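Numbering (my numbering), first residue to last: 13 to 91.
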């Protein structure tokens, strides 16, 4: 079984990103979820895959408004 962990549950809680990702890989995690794109190279350095990522930039200004559809589609395609 392969497991991943949610980045936001542990990030910015007193553990450096390098130590967090290295430790996760050391104890057997193979992926990380919802990690900011800027940290992807560090995750890969430790052999972790990005298992899930955010879809588009905002949750409060979403598809509930038709005028947002082009922007959100572009954000999703960029991911």
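Heads up, the beta-carbon is just placed ideally off N, CA and C, and yes, glycines get one too.
Keep in mind it's a predicted model, so treat the numbers as computed, not measured.
Could you work out which residue in the options is closest to residue i when comparing CA atoms only?
i          : options        : result
residue 35 : 49, 17, 86     : 17
residue 21 : 82, 48, 86     : 48
residue 42 : 76, 31, 26, 14 : 14
residue 19 : 62, 78, 72, 38 : 62
What is the DSSP secondary structure of residue i, reduced to helix, strand or coil?
i          : result
residue 64 : strand
residue 43 : strand
residue 23 : coil
Ignore the nearest five residues each way along the sequence and tell me which others in residue i's own chain have a CB closer than 8 angstroms to its CB.
i          : result
residue 33 : 44, 51, 54, 55, 57, 58, 60
residue 29 : 23, 51, 54
Compare the C-beta of residue i with all C-beta atoms of chain C and state if any pair is closer than 8 angstroms.
i          : result
residue 21 : This model lacks chain C altogether; it includes just one protein chain.
Could you round the C-beta distance between residue i and residue j to whole angstroms and report it? I think they count as a contact, below 8 angstroms.
i          : j          : result
residue 64 : residue 46 : 6 angstroms
Just the C-alpha distance for residue i and residue j, rounded to the nearest angstrom, thanks.
i          : j          : result
residue 31 : residue 77 : 41 angstroms
residue 72 : residue 66 : 14 angstroms
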